[in-house]
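**Q**
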Amino acid sequence: MLCRGNNSVKCRQAGSVPVYLNVYDLTSMNEYAYWFGLGVYHSGVQVHRVEYAYGSHEQATTGIFEGEPKQCEGFTFRKQILIGWTELTPAEVRGVMAELARDYKGTSYNLITRNCNHFCNDVCLRLTGNSIPSWINRLARIGFLCNCIVPASINSTKVGIEDGKMCNEAEMIKAKLRSRSSRFTPCSNSSSSSEKSIFASSPVGVAGSHGRTHLSPSSLFILNKSSSSSETVPIDEVFEALKCTKAGLTSDEGNRRLNIFGPNKLEEKKESKFLKFLGFMWNPLSWVMEAAAIMAIVLANGGGKPPDWQDFVGITTLLIINSTISFIEENNAGNAAAALMAGLAPKTKVIRDGKWDEQDAAILVPGDVISVKLGDIIPADARLLDGDPLKIDQSALTGESLPVTKHPGDSVFSGSTCKQGELEAVVIATGVHTFFGKAAHLVDSTNQVGHFQKVLTSIGNFCICSIAIGLIIEIVVMYPIQKRTYRNGIDNLLVLLIGGIPIAMPTVLSVTMAIGSHKLSEQGAITKRMTAIEEMAGMDVLCSDKTGTLTLNKLTVDKTLIEVFVKDTDKDHVVLLGARASRVENQDAIDACIVGMLSDPKEARAGITEVHFLPFNPVDKRTAITYIDPNGNWHRVSKGAPEQIVELCNQKEDEKKKVFSIIDKFAERGLRSLAVCQQSVPEKTKESPGSPWVFVGLLPLFDPPRHDSAETIRRALHLGVNVKMITGDQLAIGKETGRRLGMGTNMYPSSSLLGQNKDSAIADIPIEELIEKADGFAGVFPEHKYEIVKKLQERKHICGMTGDGVNDAPALKRADIGIAVADATDAARGASDIVLTEPGLSVIVSAVLTSRAIFQRMKNYTIYAVSITIRIVVGFMLIALIWRFDFSPFMVLIIAILNDGTIMTISKDKVKPSPLPDSWKLKEIFATGVVLGTYMAVMTVIFFWLAKESDFFTEKFGVKPIRDNEFELMSALYLQVSIISQALIFVTRSRSWSFVERPGLLLLTAFFIAQLTAFTTKKDYGRGEREAQWATAQRTLHGLQAPNANDVLNDKSDYRELSELAEQAKRRAEVARLRELHTLKGHVESVVKLKGLDIETIQQHYTV
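Numbering (the UniProt record's numbering), first residue to last: 1 to 1104.
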């Protein structure tokens, strides 16, 4: 291996710290180039647990940034190399970076002369005295154009300064923010003020030179301070700086600021269409074909023959055709996905013109007042206003595993998730000016193709290795042993290279997945991650949420069954208390159900003054309101899960038994229970605990199953997908719903499986086995969902998980296929792989069938590709070595083009989905391909032997022998290989007899067109008749015997006819020559020629 570490590392000295070089891959080509000491790499220097690197951006500020070691976003970490040791402290190291910042600006980045590797080399020399290994930057030294840019999370925070107006303000914003995207200020006093500014990490809404302006100089200072840890700037000053109030902005002002600051999303990086097109020619399979093209014009230029230009042009044409198809299909798929995801763009509640309205998050501007509630992904950087503290999950930004409590006045950052509470906030930064520039990633649309790419690589490597073995055998036998000529040997090698490489494989599989993804979207399942298609085809367990997926999520209250636990209180008053503990705006399903029980929704707040409202959260599982009645007394009412309310009221055991007995009675009838309690608040403050809670009553809620759920579950079980119900309801309700849907009643409360106090009846059975056999789980908390998915995956199940709320996000992320149901929160959509646009479970089952059909098409092609490779390599290698027969590379190229044209249609072929979950089984694919390919190769060899060495075809079919005619023998071999190769797809696409499973019309049409093309020869169909008429006329002219009318077009008389005509033509030519010599002109020319004179210098006075 040519890529080595640093062998010049000195021994460690006391008090010194190690200096590492972290190397990242920028392209998959490095998997191969690395072993030859080449590759395209990004690097960073790690010291004191911080990694320093350099990248480009469009501003004159420094391009040096720091981040977490081995975590450079957008790149694949390859290896860590110990460069040496340094005694510098962290502060001294940052001083070195500040000195280097003068030379390493974002605009001075150059791919050849000043890239990230040059920076790392300078840093290592300053810190340790050692250079980085030469192989890391070798391609830059030879002029190779690579692309090393700042990671998306860093590059997206670029900020400009308008014509130098902000020089004074820049001096105020030099606070260094230690984060993944912090930059360094050049220490030189001679550098310009624009060089000294550190805007990259702060959420400063500074405008660039394209017409954007700042709000005010003071606003820059305030906004920058709002991103720091102190957050000491009062909210009033924030409003003053942003020139807005708590009433929000007007629509006109919002549009004006939108023109200044731009939309609240990242600026998309423009991609060169031409480079993207060329990228489809940059993969191992294309490299082999490109090598064959080079062989055709370079190595084939010998043996007394010119370069093989026709093969070169043909190979190039084949590569261009494949790349064009891939380019067009990927573009179409990308446009379709963008259009679909636009409909799922994150929404936000914002005050415009004094009214709350739900708008796209992209229209937010600094100064907008927004509402943040449970399940929302924060759409922009903001400062919280008055209210109760929020629980914010910042793990996507900071890596903190636990939610952070945010109080009024604190900053919340774009991309974080609200886990508890509800509060208003004022926007201070949007789009590329946010803390991490992630506003456009609320719905993550990244297509991770790691597993799929591994499958492609494995199949491609198998084919390449098979061809390599064939080439080695041919080279060893043809040249040293058989002493074959150079050019003929090269032609035989080209046959294996051109015919054996499945050049269309990346195109066919990518196009198949793109078309399948589009078909899924038509069924109501938007695929965010393309490889989720193949994983859904292999899914064998689906953990489905009950509410809204298996049921209608349309709750109703049976008023006759309401249970009252307080004397002198009627059922209407219980309903009224429940309505007071509900929202009258922005309601969820339960709130809407309870408030809908009132004759007028306004009764929920009639005669009272709301002091404080506690929204629902998945931990407490209840809502609460603190209000003042007309007499000035303070009260608090809460509604929620009975278990939580019972604990809140601290009831006696007999009272608890009565409550739970009623709950069980409701559950037996498929009814959910909602508890209501109240208390007085004599302290008259919203923070006071109040007097003891009083349990008021139980309301029965009914959520009927969907009309198609039972049939859908039956279909899923028939397809080998075990549906498990995951619900937060009581166990009895889960069992009743399961009984109605026919999915079984073997259910357990999640606390007895995963909680501290396990049920003694199941204590001896392993948890994994119980989870695997269970039909569902009740009383599920967020951490339980995650553990259930994890345990199923440990049992080697491909697990799907549905969810709609923020509490479902961890389980959705953990599952193999995370499915966000219709109307899911932004957090659930962000964590999922597939987003449903239609409600119910039937969409998922339809998506499973479609995914299996897509997967079946891809599997059919891979078997076909492996079979063709083995067939070409083994068959033509044996023919070339045993009979020393040189087949034309151009004819193999024609076969490859016809095969690819036929096989492209497999992406829309009519296939029968697998009745059971399916997945990539490479051993099965390789074994099947080797068996089929070897069988066809043997048949080709036997066919050639019969045509070359025997009279089998002449005796059996009465055709003329072709053993002595090399061109006819080659044509026959070409037809045999072409026909069988194209017909092979009908074998690989079916799991039984090929004639039983009817193929798609497009595939049949492509096959017949390819066959017609293969058999077509250039022929003038009227030429034979004209030749016969000419022969008859010549016979009459020269006095030959007239032919028999029956023999005019008889092939048996052709040779005799031509022989007689040729003899007569010779005679006529001789007569004409003698006649010419006996003319005056002929005599003069003969004499001049005899005397060696020039006839042009002699005056000719004769007339011919």
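Glycine included, every Cβ here is placed at the ideal spot set by N, Cα and C.
Predicted model only: the values in this text are computed from it and were never measured.
1) If distances are taken between C-alpha atoms only, which option among L699, M281, T869 and G499 comes closest to I459?
2) According to the Cβ coordinates, are L82 and A292 closer than 7 Å?
3) Quick check on DSSP: helix, strand or coil for G738?
4) To the nearest angstrom, report how far apart L275 and F327 are at their CA atoms.
5) Work out the CA separation of Y104 and V288 for me, nearest whole Å.
6) Which residues mark the beginning and the end of the alpha helix (DSSP H) in which Q856 is found?
7) Between the stretch 714–721 and the stretch 526–537, do three or more beta carbon pairs fall short of 8 Å?
8) Looking at C-alpha atoms only, which residue of F660, T802, L836 and D918 is the closest neighbour of R857?
9) Here's the rule: buried if 16 or more other CB atoms are within 10 angstroms of the residue's CB, otherwise exposed. What is L1001?
10) Measure from the alpha carbon of S466 to the alpha carbon of each residue in L125, S981, E997 and V930, then state which is nearest.
11) Given a threshold of 16 other Cβ atoms within 10 Å of its Cβ, counted over all protein chains shown, does residue 1109 qualify as buried or as exposed?
12) Mapping the DSSP letters down to three states, classify P186 as helix, strand or coil.
13) Spatial neighbours of Y786 within its chain, please: CB distance less than 7 Å, with the 5 preceding and 5 following residues excluded, ordered by chain position.
14) What is the residue span of the beta strand (DSSP E) that R672 lies within?
15) Rounded to the nearest angstrom, how far is the Cβ of E838 from that of G524, given a contact under 8 Å?
16) Restricting to runs no shorter than 4 residues, where is the alpha helix (DSSP H) found entirely within the stretch 913–975?
17) Measuring alpha carbon to alpha carbon, tell me which residue in Y486, T250 and R871 is nearest Y935.
18) Quick one: give me the first and last residue of the beta strand (DSSP E) that T417 is part of.
19) Tell me the residue span of the beta strand (DSSP E) that contains I834.
20) What is the DSSP secondary structure of Y54, reduced to helix, strand or coil?
21) Alpha carbon to alpha carbon, how far is T512 from G697? Give it in angstroms, no decimals.
22) Which residues in the same chain have their Cβ closer than 7 Å to the Cβ of I903, if we skip the five residues on either side of it in sequence?
23) Secondary structure at E585, three-state DSSP: helix, strand or coil?
24) Hey, Y674 and L701: beta-carbon distance below 7 Å or not?
25) For D654, does the count of other Cβ atoms within 10 angstroms reach 16, so buried, or fall short, so exposed?
26) Per DSSP, I272 is paired with what?
27) Under three-state DSSP, which class holds Y104?
28) Alpha carbons only, please: which of H797, A1006 and T850 is nearest the one belonging to I897?
29) Pull the bridge partners of M801 from the DSSP assignment, please.
30) To the nearest angstrom, how far is the alpha carbon of A101 from that of F119?
31) Which value, in whole angstroms, describes the spacing of the CA atoms of S181 and V659?
32) From S846 to V835, what distance separates their C-alpha atoms?
33) Would you kindly work out how many angstroms separate the C-alpha atoms of N722 and I925, rounded to a whole number?
34) In whole angstroms, what separates the C-alpha of R257 from that of D368?
35) Whole angstroms is fine: what's the gap from A592's alpha carbon to A822's?
36) Give the secondary structure of T61 by DSSP, where H, G and I count as helix, E and B as strand, and everything else as coil.
**A** The short version:
1) In the sequence shown, residue 459 corresponds to position 459, counting from 1. Among L699, M281, T869 and G499, the Cα nearest to that of I459 is on T869.
2) Locating residue 82 in the sequence shown gives position 82, counting from the first residue. Locating residue 292 in the sequence shown gives position 292, counting from the first residue. Not closer than 7 Å, so no.
3) Residue mapping note: residue 738 aligns to position 738 of the sequence shown, counting from 1. Three-state result, G738: helix.
4) Here residue 275 is taken as the residue at index 275 of the sequence shown, counted from 1. Here residue 327 is taken as the residue at index 327 of the sequence shown, counted from 1. Taking the straight line from one Cα to the other gives about 11 Å.
5) Position 288 of the sequence shown holds residue 288. Position 104 of the sequence shown holds residue 104. The straight-line gap from Cα to Cα measures roughly 40 Å.
6) Sequence index remark: in the sequence shown, residue 856 carries index 856 (1-based). Where Q856 is concerned, the enclosing alpha helix (DSSP H) stretches over S842 to I882.
7) no
8) As a first step, residue 857 is located in the sequence shown; it is residue number 857 there, counting from the start. Here the closest residue by C-alpha is D918.
9) Position 1001 of the sequence shown, counted from the start, is the residue given in the question as residue 1001. Label assigned to L1001: exposed.
10) Translated into the one-based positions of the sequence shown, residue 466 becomes position 466. Cα-wise, what sits closest to S466 is V930.
11) This structure leaves residue 1109 out entirely; the chain is present only between 1 and 1104.
12) The residue given as residue 186 occupies position 186 in the sequence shown. Caution applies to P186, whose pLDDT of 41 falls short of 50 and renders its modelled position unreliable; the value that the coordinates give is listed next. Looking at P186 - three-state DSSP - the assignment turns out to be coil, as it is neither helix nor strand.
13) As a first step, residue 786 is located in the sequence shown; it is residue number 786 there, counting from the start. Correct list, in chain order: P810, A811 and R814.
14) Locating residue 672 in the sequence shown gives position 672, counting from the first residue. Element bounds for R672: L671 to S680.
15) Here residue 838 refers to the residue found at position 838 of the sequence shown. Here residue 524 refers to the residue found at position 524 of the sequence shown. Their Cβ separation, rounded to whole angstroms, is 4 Å, which keeps E838 and G524 in contact under 8 Å.
16) 922–949 and 952–957
17) For the purposes of this step, residue 935 is taken as residue 935 along the sequence shown, with counting starting at 1. Nearest option by C-alpha distance: R871.
18) If you number the sequence shown from 1, residue 417 lands on position 417. Segment T417 to Q420, the beta strand (DSSP E) holding T417.
19) Against the sequence shown, residue 834 aligns to sequence position 834. Segment I834 to L836, the beta strand (DSSP E) holding I834.
20) On the sequence shown, position 54 is the one that residue 54 refers to. Of the three classes helix, strand and coil, the one that applies to Y54 here is strand, per DSSP.
21) Locating residue 697 in the sequence shown gives position 697, where the first residue counts as 1. Locating residue 512 in the sequence shown gives position 512, where the first residue counts as 1. Approximately 58 Å between the Cα atoms of the pair.
22) Taking the sequence shown and counting its residues from 1, one reaches residue 903 at position 903. The residues are A504, V508, Y861, Y864 and I985.
23) Position 585 of the sequence shown, counted from the first residue, corresponds to residue 585. Looking at E585 - three-state DSSP - the assignment turns out to be coil, as it is neither helix nor strand.
24) Along the sequence shown, one-based indexing puts residue 674 at 674. Along the sequence shown, one-based indexing puts residue 701 at 701. Per the sequence presented here, residue 674 reads as Leu, with Tyr not at that position. Result yes, Cβ atoms of L674 and L701 sit closer than 7 Å.
25) As a working note, residue 654 is residue 654 in the sequence shown. Counting Cβ neighbours within 10 Å, D654 comes out exposed, since fewer than 16 surround it.
26) Numbered from its first residue, the sequence shown carries residue 272 at position 272. Position check: residue 272 holds Ser in this sequence, whereas Ile was assumed. Partner(s): none; S272 has no beta bridge.
27) For the purposes of this step, residue 104 is taken as the residue at position 104 of the sequence shown. Of the three classes helix, strand and coil, the one that applies to Y104 here is coil, per DSSP.
28) Taking the sequence shown and counting its residues from 1, one reaches residue 897 at position 897. Minimum Cα distance to I897 is reached at A1006.
29) Here residue 801 refers to the residue found at position 801 when the sequence shown is read from its first residue. Paired residue(s): C543 and G818.
30) Locating residue 101 in the sequence shown gives position 101, counting from the first residue. Locating residue 119 in the sequence shown gives position 119, counting from the first residue. Rounded to whole angstroms, A101 to F119 spans 10 Å at the Cα level.
31) On the sequence shown, residue 181 is found 181 positions in, with the first residue counted as 1. On the sequence shown, residue 659 is found 659 positions in, with the first residue counted as 1. In this prediction, S181 has a pLDDT of 36, which is less than 50 and means its spatial position is unreliable; what the coordinates show is noted afterwards. Approximately 55 Å between the Cα atoms of the pair.
32) On the sequence shown, position 846 is the one that residue 846 refers to. On the sequence shown, position 835 is the one that residue 835 refers to. Distance between the alpha carbons of S846 and V835 is about 14 Å.
33) The count along the sequence shown starts at 1 and reaches residue 722 at position 722. The count along the sequence shown starts at 1 and reaches residue 925 at position 925. Their backbone Cα atoms lie some 27 Å apart in a straight line.
34) Taking the sequence shown and counting its residues from 1, one reaches residue 257 at position 257. Taking the sequence shown and counting its residues from 1, one reaches residue 368 at position 368. When rounded, the distance between both Cα atoms is 10 Å.
35) Here the question's residue 592 lines up with position 592 in the sequence shown. Here the question's residue 822 lines up with position 822 in the sequence shown. So the two alpha carbons sit approximately 19 Å from each other.
36) Start at 1 with the first residue of the sequence shown, and residue 61 comes out as number 61. In this structure, T61 counts as coil in the three-state DSSP scheme.
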